[in-house]
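Protein chains in written order, with our numbering: chain X, 1 to 514; chain A, 1001 to 1514. Every residue gets a Cβ at the ideal spot worked out from N, C-alpha and C, and that includes glycine. Heads up, the thing below is written out as structure tokens.
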């Protein structure tokens, strides 16, 4: 309880309440499977449970926690629940939670080196570690591996023309990473067009800029296009749900004939819809030829690159200009933690930097200032999550986690395949299985509704080429074979009911028709 | 220690390590004043202290924490230190840390109502609380206070034409808030221009759009202009460092004569340079007349509106279209927590929304989906910080905190005023005092350098109208009068040395001249 109404909580209160919170979290995660995976509340449930106005006097911690139980927990969709198979995993692990605790406790803000040297320096180091774990081409790494055995060379802001211009930073989301890449590409292309024709106005160039992506790319590509005010072409995919070079090339040539200016291509390593892969080698060659910025979004599936057996996926990365993956999805780190690497960091800094006096400091020429990498000026000490989690699991532990999810997806897919009422959509490569009831979409739509309404399991839909299907993602940190069997049993039971009902209806319709 | 190299840390490990971390944080914040406020490291200090590659095997928690002490703590600029007077406060308090812990522990991601009802619903409730605490005009509040006594009406996505179209959300930073406001304004203006002249191309309109702000506005306005690709006019301020209506009007008229299209004005409530205020009433009237979007950035000083005696500052808010303040600055909440209110939420949603199938859900028509409010799709459960902190302190506790910082700024200013070698720059209204040594800028520049090099105190510079000065911000949560006296003593001691040296130099120069 607070010592005084006007001071919130003192050090000793925090020692007690903080330790209670640690137990609350451990209890929650230990016993999570006893809860419904989705809540039973309806929109608008919360406001009638809370006062219309904030309290005048401070309240006790006990009262606040009572309200967490009473009002918040009943409205939680439990992303860490073993029956949660929606979206993609929401990364979470104890080392990551500990990092968030430390980040909050230190209460620092890192926008320049001077404002927080440790935060500024740990970030490229952890992005370097992860980039190496993923075998990214050396040109993306914050530190040139060729110099590993040489004396330390400090990171600088001003090495835009040095031998090694790659780098990486943590951004708030994949959406921000893709927007930043697009803005850097836009700045580059506008600069070269202005050089070609100095009299041209920026607005004239802008209204001709076109970016290309697959129609299965994440919606944030479209959003980035809205913000950057450029046209976005969402191109069709092949039978493996992959964007191919020929499709891209035809669209680019048609656009150029209309006088438009292609400038950016966003490929996807693991689409949200069905975890498909674009053909980076084909797309990359076209980008190189046409001088387009090539970004690859590997928000979820990029994490798999830490396993050797998945590194074939980077075929074509020699043409890539920037790449992002979100350890807050599939590497056990809490949101937000989007890793963004770029071949030419100066392209990003040129597109994003403004430099007021109050942020200048005596080390500015020697030090990297991370504020130039994203939209926000300030940043939490986010790299602690990477550092703690990678160190606590080790490369082997993280590989084990990824491999286990991929193995379980295959286990689940084999259960689906054994029941001939179902079919799999797309390839099962990572931790996602897309499936449907054979036949009309409405059967699968009904199955989805029943599954989610049951509160026993949570899955979400997708649709590609008019085929409606259910995405089943392996999400729980400690998912095991038992979970696959339970999930399949739940699905089978609901499918039984739906198909029974459907057969009744169709046969009665047939009868009526007769 | 981990039970296994491949599983990171189990529930029982976390109970132990989490409680140790609680003590680590409490110890850190209890004893922080024993440390230097700024670190002694040089750029590039960290990498030689850490391995070039991530570890293959998981490491023990004890080893990780040893490295926190060995490698991270020596590189921390201590924002919570009683001698930290740089930038603005980095909000921090125990209830806020507890909220971050719970947010991490739950590990949910809130981008749609279905993905997390509690996260989606608590956010507008807490923005409503805070908006009422600040006496914001009712049009900005997520819930219309006129309906307080009526049965609950749920928040909807689709009420764009209803009586009450205001609302609020938490964004990642003031930079994002201002960018979102600018994008909404851009979309509105382009739409109306297209209606006037359907044949006009978007690029043609865009190349004519102009936004206006004071030259003391935060650099993120310029950055938002870079991203939105619009011209930004940084206008001169009056003798109180305030942007006035006449200055704005003259620039607008000149731009219109050139065929340009004014569309957005960003006023500041508490500039970063010297905490000055623009004249919202004068600016607002012009915005109304010219049909411009009027945003007010109150990132720091907006917090003062929770105290009645500061509510005169909202004079002119009847013309304001959107407003932001960052409780992560001056309301004891950890970064990131930027509150953004808007008079017409549909203007924001129209500018920002994309809607793929995998994010659609059966409640979509009845529920607000917060993903339409910002750049990122995903979001942490950030409103817990607002909820915990407001409840734990109560309105009175937070008011007390704000008033105490304002009072201490006046105490410090009176110390400065008593020493006639110094002068105050601007008005001391909030928790910031700007001062300098009388005479040439280089004296104050030297003083700044000496103060920061000493490690005894941390302050940063600013410069307005060619006058270089030092910003002294009251930052520590529990700052007291003693801290003001100590800070002033440190400043006096360094000033003594500099002025002594300077007098020696000038007198020896005089001698040489003779």
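As a quick exercise: from X/219, X/59, X/20, pick the residue whose alpha carbon is nearest that of residue 1396 of chain A.
That would be X/59, whose Cα lies nearest to the Cα of residue 1396 of chain A.
Near residue 474 of chain X, what residues of its chain come up, given a Cβ to Cβ distance below 6 Å and the 5 sequence neighbours on each side ignored?
Once the five neighbours on either side are set aside, the close Cβ partners of residue 474 of chain X are 405, 408, 409, 431.
From the DSSP output, in three-state form, read off residue 385 of chain X for me.
Taken through DSSP and simplified to helix, strand or coil, residue 385 of chain X comes out as helix.
Can you tell me which residues form a DSSP beta bridge with residue 341 of chain X?
According to DSSP, residue 341 of chain X bridges with X/168, X/323.
Which two residues bound the contiguous beta strand (DSSP E) that contains residue 1231 of chain A?
First-last of the beta strand (DSSP E) with residue 1231 of chain A: 1231–1235.
Contact list for the region 1116–1132 of chain A against chain X, Cβ threshold 9 Å
So the close ones are 1116, 1117, 1118, 1119, 1120, 1121, 1122, 1124, 1125, 1126, 1128, 1129, 1130, 1132.
Continuous alpha helix (DSSP H) assignments of at least 4 residues falling wholly in the region 1378–1456 of chain A:
Qualifying alpha helix (DSSP H) stretches, in chain order: 1383–1418, 1441–1454.
By the criterion of Cβ-Cβ separation under 8 Å, what are the contact partners of residue 317 of chain X in chain A?
Simply none; closest approach about 20 Å.
Whole-angstrom C-beta distance between residue 168 of chain X and residue 131 of chain X, which should lie under 8 Å:
Indeed, because the Cβ distance is near 6 Å, the residues count as touching under 8 Å.
Evaluate residue 39 of chain X with the Cβ neighbour count: other Cβ atoms within 10 Å of its Cβ, from every protein chain shown; 16 or more gives buried, anything less gives exposed.
It counts as buried.
Per DSSP, which one or two residues make a beta bridge with residue 1468 of chain A?
Answer by DSSP bridge pairing, in chain order: A/1463.
Helix, strand or coil for residue 3 of chain X per DSSP?
Residue placement at residue 3 of chain X is poorly supported in this model, since its pLDDT is 42, which falls under 50; the coordinates still yield a value, given next. The DSSP-derived three-state label of residue 3 of chain X is coil.
Mark residue 31 of chain X as exposed unless 16 or more other C-beta atoms lie within 10 angstroms of its C-beta, in which case mark it buried.
Exposed, because fewer than 16 other Cβ atoms sit within 10 Å of the Cβ of residue 31 of chain X.
Would DSSP call residue 1076 of chain A helix, strand or coil?
Reduced to three states, the DSSP call for residue 1076 of chain A is coil.
Mind checking residue 1476 of chain A: buried by the 16 CB within 10 Å criterion, or exposed?
The residue is buried, with at least 16 neighbouring Cβ atoms inside 10 Å.
Is it true that the CB of residue 216 of chain X sits closer than 8 Å to the CB of residue 231 of chain X?
Annotated as distal: residue 231 of chain X and residue 216 of chain X, with beta-carbon spacing of 8 Å or more.
Counting only C-beta atoms, is residue 155 of chain X closer than 8 Å to chain A at any point?
Caution applies to residue 155 of chain X, whose pLDDT of 48 falls short of 50 and renders its modelled position unreliable; the value that the coordinates give is listed next. For residue 155 of chain X, the answer is yes, since a Cβ of chain A falls inside 8 Å of its Cβ.
Would you list the residues sitting across from residue 297 of chain X in a DSSP beta bridge?
According to DSSP, residue pairing for residue 297 of chain X in a beta bridge involves X/268, X/324.
Just to make sure I have the definition right: I need the residues of chain A whose C-beta is within less than 8 Å of the C-beta of residue 204 of chain X. Which are they?
Within 8 Å Cβ-Cβ: 1203, 1204, 1207.
Using a beta-carbon distance cut-off of less than 8 Å, what residues from the region 1013–1036 of chain A approach chain X?
Listed by position along the chain: 1013, 1014, 1015, 1017, 1018, 1019, 1021, 1022, 1023, 1024, 1025, 1026, 1028, 1029, 1030.
For residue 1182 of chain A, would you say it is in contact with chain X, using Cβ-to-Cβ distances shorter than 8 Å as the test?
Not closer than 8 Å to any Cβ of chain X, the Cβ of residue 1182 of chain A fails to qualify, so no.
Could you tell me the alpha carbon to alpha carbon distance between residue 1317 of chain A and residue 1133 of chain A, rounded to whole angstroms?
Going by the C-alpha atoms only, they are around 15 Å apart.
Go through its chain and collect everything with a Cβ distance to residue 236 of chain X's Cβ below 7 Å, but skip five positions before and after it.
So the list reads 215, 247, once near-sequence residues are dropped.
Where residue 214 of chain X sits in the DSSP three-state scheme
Under the three-state reduction of DSSP output, residue 214 of chain X falls in the strand class.
Residue interval of the alpha helix (DSSP H) (run including residue 1253 of chain A):
The continuous alpha helix (DSSP H) containing residue 1253 of chain A extends over residues 1245–1257.
Measure the C-alpha to C-alpha separation of residue 1175 of chain A and residue 1339 of chain A and round it to an integer number of angstroms.
Answer to the nearest angstrom: the Cα atoms are 11 Å apart.
Classify residue 1261 of chain A as helix, strand or coil using the three-state DSSP reduction.
Looking at residue 1261 of chain A - three-state DSSP - the assignment turns out to be strand.
Beta-carbon separation (whole angstroms), residue 76 of chain X vs residue 1383 of chain A, contact threshold 8 Å:
With 8 Å as the limit, residue 76 of chain X and residue 1383 of chain A do not qualify as a contact, their Cβ atoms being about 13 Å apart.
Please return the same chain residues whose Cβ sits closer than 7 Å to the Cβ of residue 1164 of chain A, not counting the five positions on each side in sequence.
Short of 7 Å from the beta carbon of residue 1164 of chain A, and not among the five residues preceding or following it, lie these beta carbons of its own chain, in chain order: 1144.
Using CA atoms only, rank isn't needed, just tell me which of A/1097, A/1035, A/1119, A/1082 is closest to residue 1328 of chain A.
The shortest C-alpha separation from residue 1328 of chain A is found at A/1097.
DSSP on residue 1292 of chain A, reduced to helix/strand/coil?
Here residue 1292 of chain A sits in coil by DSSP.
Can you list, in chain order, the residues of its chain whose CB lies under 6 Å from that of residue 1479 of chain A, leaving out five sequence neighbours each side?
Here the set comprises 1408.
CA-CA distance, residue 1051 of chain A and residue 10 of chain X?
Cα to Cα, the separation comes out at about 38 Å.
Listed by chain order, chain X residues near residue 1052 of chain A by CB distance under 7 Å:
The contacting residues are 148.
Helix, strand or coil for residue 85 of chain X per DSSP?
Coil.
So residue 494 of chain X packs on residue 443 of chain X, CB below 8 Å; how close in whole Å?
About 11 Å separates the CB atoms of residue 494 of chain X and residue 443 of chain X; that is not less than 8 Å, and the two are not in contact.
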